[in-house]
Amino acid sequence: AQSVTQPDIHITVSEGASLELRCNYSYGATPYLFWYVQSPGQGLQLLLKYFSGDTLVQGIKGFEAEFKRSQSSFNLRKPSVHWSDAAEYFCAVGTNAGKSTFGDGTTLTVKP
Amino acid sequence: GAVVSQHPSRVICKSGTSVKIECRSLDFQATTMFWYRQFPKQSLMLMATSNEGSKATYEQGVEKDKFLINHASLTLSTLTVTSAHPEDSSFYICSARARVDEQYFGPGTRLTVT
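Taken in sequence, the protein lines are chains S and D. Anchor point for the first sequence: position 53 equals 53 in this note's numbering, and the numbering is continuous, going up by one each time. To convert, take the position in the second sequence, counting from 1, and add 1000; that gives this note's numbering.
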């Protein structure tokens, strides 16, 4: 069975600083990997996904993530954080059947 | 991008009653939809996979007689929480699968059972 670990429960960064959110996964086959963002009381918005090919994936809102098979990681990065990026971030691994397993999430706080 | 809607967005019901939540894919057909449950400050837990025209597949530990899922068309899946109790209070989120690598989430339904 697949699993996802997001080691950081809560991260605080200053506005304009860079950001990296960590994600480690466990899956027996080639994974489909996703990063989602969720604002309070809202559904999930897809930031980016890795399916195959180039291991550096560009997403919306200036986010990118790098798939590293040797480390079983799919870390999310942004070079300069905006106050509006404050939210909950979920990493997920998906199967061919479309089922997704989510990490526990990382809460991002942005200091002015 | 593709849009998935949920209705209602919030519902309050009394203990012992049933409540139905709808999930619709507005601009694409989804042969598969998924239902998730999310407790406050926690991650999403997959409850069941809903396939159009067939019975839903429930995850281990999810009571299929309590959480009835119907996927009657390619754009609509419903989750009915039967004989609801306060412990069923949660945030329920559906998603619809457009392709194997494309899944779109609804905005969620906040259920409160009093």
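Using N, Cα and C, we set each Cβ at its ideal position, and we do this for glycine too. All values derive from a computational prediction rather than experimental measurement.
- Rounded to whole angstroms, residue 105 (chain S) and residue 1094 (chain D) show a C-alpha spacing of 18 Å.
- DSSP, reduced to helix, strand and coil, places residue 60 (chain S) within a helical segment of the structure shown.
- Burial is judged here by how many other beta carbons sit within 10 angstroms of a residue's own beta carbon; residue 17 (chain S) has fewer than 16 and is exposed.
- If the five residues before and after residue 1101 (chain D) are omitted, its C-beta is found closer than 8 Å to no C-beta atom of its own chain.
- In this structure, residue 1062 (chain D) lies away from residue 1085 (chain D), with their beta-carbon atoms at least 8 Å apart.
- Take residue 1073 (chain D), set aside five residues on each side of it, and no residue of its chain has a beta-carbon closer than 6 Å to its own.
- Annotation: residue 1019 (chain D) to residue 15 (chain S) spans about 43 Å, alpha carbon to alpha carbon.
- Put simply, the CB of residue 1050 (chain D) is far from chain S, with every gap to its CB atoms at 8 Å or more.
- For residue 21 (chain S), the enclosing beta strand (DSSP E) stretches over residues 19 to 21.
- Counting only residues of its own chain and dropping the five nearest sequence neighbours on each side, residue 1052 (chain D) has a CB closer than 6 Å to the CB of 1031, 1071 and 1074.
- Excluding five sequence positions before and after residue 1029 (chain D), the CB atoms of its chain that fall closer than 7 Å to its own CB belong to 1074 and 1075, given in chain order.
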